[in-house]
Amino acid sequence: MAVNALPDTGNPSKAGKHDRRVYQMGSLSQLKKELQKGKRFIVLDHQKPDLIGTVREVSTVQGNAIYTKIADNPEHKHSICNGGRGLRMDYAKASCYEFGDSIKWFAAPIGTDDNRLIMEFKLL
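51 is the number of the first residue of the sequence shown in the working numbering; add one for each residue after it.
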C-alpha cells in the first residue's frame, strides 16, 4: 500500500510553508490517523444535499467514530447537536470506502447491489 507523494524535499519539519505534500489516502487506518481534532474536510457529495459544500472540522475523536462541526460556524444546527460535539460519523468497515483524490463512503461494501453513497469528501 504505497502513498502517492511528491518527491521528498528533506525533513518535513524544515520544509517551507509552501512545500505541501500531495498524497492519496490508501486505507481506513490512514484515514483514522489523519482525522484528528482540528482537521478539516470539504463535503463534495452527501446523502443530505444541504451538507454538500460545507467545510467540517473534527471536534472529538473516538476509536470508532469522530464528531464534526461546521467550520467557523459554532452556532450552526449541525455544530451544536450531540451535546455541542457536532455530527457523529461512525467508521464503517474498510470495504465501504473508496480512496482516491477524494474519499467515498458507501452504505455497504463496494460491489454490493443497490449500494448508495453516504458521503464523498476531501481532506483540506
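Where a beta carbon is used, it is the ideal one built from N, C-alpha and C, also for glycine.
Taking C-alpha atoms, which residue in Tyr147, Ser79, Thr162 lies nearest to Phe171?
-> To locate residue 171, count along the sequence shown from 1; it is residue 121. For the options Tyr147, Ser79, Thr162, the alpha carbon positioned closest to that of Phe171 is the one of Tyr147.
Spell out a yes or no on whether the segment 144 to 161 and the segment 114 to 132 are touching, meaning 3 or more CB-CB pairs, one atom from each, closer than 8 Å.
-> Below 8 Å, too few C-beta pairs join the segment 144 to 161 and the segment 114 to 132 to call them touching: fewer than three.
DSSP state of Ile168, grouped into three classes?
-> Working through the sequence shown from its first residue, we reach residue 168 at position 118. When secondary structure is reduced to three states using DSSP, Ile168 falls in the strand class.
Could you round the C-beta distance between Asp140 and Ala115 to whole angstroms and report it? I think they count as a contact, below 8 Å.
-> Residue mapping note: residue 140 aligns to position 90 of the sequence shown, counting from 1. Residue mapping note: residue 115 aligns to position 65 of the sequence shown, counting from 1. Contact flag correct, Cβ pair sits at about 4 Å.
Are the CB atoms of Val108 and Ile120 nearer to each other than 9 Å?
-> Locating residue 108 in the sequence shown gives position 58, where the first residue counts as 1. Locating residue 120 in the sequence shown gives position 70, where the first residue counts as 1. Between Val108 and Ile120, the gap from beta carbon to beta carbon reaches 9 Å or more.
Cβ neighbours of Thr118 in the same chain (closer than 7 Å, five flanking residues each side left out) | In the sequence shown, residue 118 corresponds to position 68, counting from 1. The residues are Arg106, Glu107, Val108, Ser109, Gly136, Leu137, Met139.
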